[in-house]
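Everything below concerns the one structure shown next.
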Amino acid sequence: MVCPQCGIANFYVKNSIGERLNVKVTRELDIIPVDESKSLEGFNLNELFCLGCSWHGKISDLKKY
């Protein structure tokens, strides 16, 4: 899945203290950490942030590549 604004497939999510975790989203809308040794636990998966532009939003707003 890609950003609806700039078209890249790299995103991040944040936790309650503002830490970021880089993620990708599969066509099945699964959120996967880029570094597979990291956990998604504690991160807000309801809002994605694009690494290429200013877009942020819900996973349902992404476009298929």
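FYI, this note's numbering numbers position 61 of the sequence shown as 51, with every residue one higher than the one before it.
Yeah, the Cβ is synthetic: ideal placement off N, Cα and C, and Gly gets one too.
Which residue or residues does DSSP assign as beta-bridge partners of residue i?
i, result
"residue 10", "4"
"residue 53", "-8"
Here's the rule: buried if 16 or more other CB atoms are within 10 angstroms of the residue's CB, otherwise exposed. What is residue i?
i, result
"residue 35", "exposed"
"residue 38", "buried"
"residue 11", "buried"
"residue 52", "buried"
"residue 15", "buried"
"residue 91", "Since the displayed the chain opens at -9 and closes at 55, residue 91 lies outside it and no answer follows."
Just reading off the beta strand (DSSP E) that residue i is part of, what are its end residues?
i, result
"residue 21", "21 to 23"
"residue 40", "38 to 40"
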